[in-house]
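For reference, the structure is listed below as structure tokens.
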Amino acid sequence: MERMKMLGVDNIITDYPILAREIIYREAATESLLEYLQLVLK
-7 MERMKMLGVD NIITDYPILA REIIYREAAT ESLLEYLQLV LK
């Protein structure tokens, strides 16, 4: 799934939707958390 994300596929059919969601949104959630922490700690 990580490789598919890097390739930019439009759809993934899987028996593990929770894992797919975690992989797809992992980067965005991490960036948001880091931005939030930077704002709080300023």
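Note that the sequence shown ends on residue 34 in my numbering; no numbers are left out. Glycine included, C-beta positions come from ideal geometry on N, C-alpha and C.
The residues Met(-7), Ile4, Thr6, in chain order, have a CB closer than 6 Å to that of Ala12 in the same chain once the five nearest residues on each side in sequence are set aside. Distance check between Gly0 and each of Ile16, Leu31, Leu29, Val32 places Ile16 closest, using alpha-carbon atoms only. Non-local C-beta neighbours of Met(-4) in its own chain, meaning closer than 6 Å and more than five positions away in sequence, comprise Ile4, ordered along the chain. The same chain holds no residue with a CB closer than 6 Å to that of Leu29 once the five nearest residues on each side in sequence are set aside.
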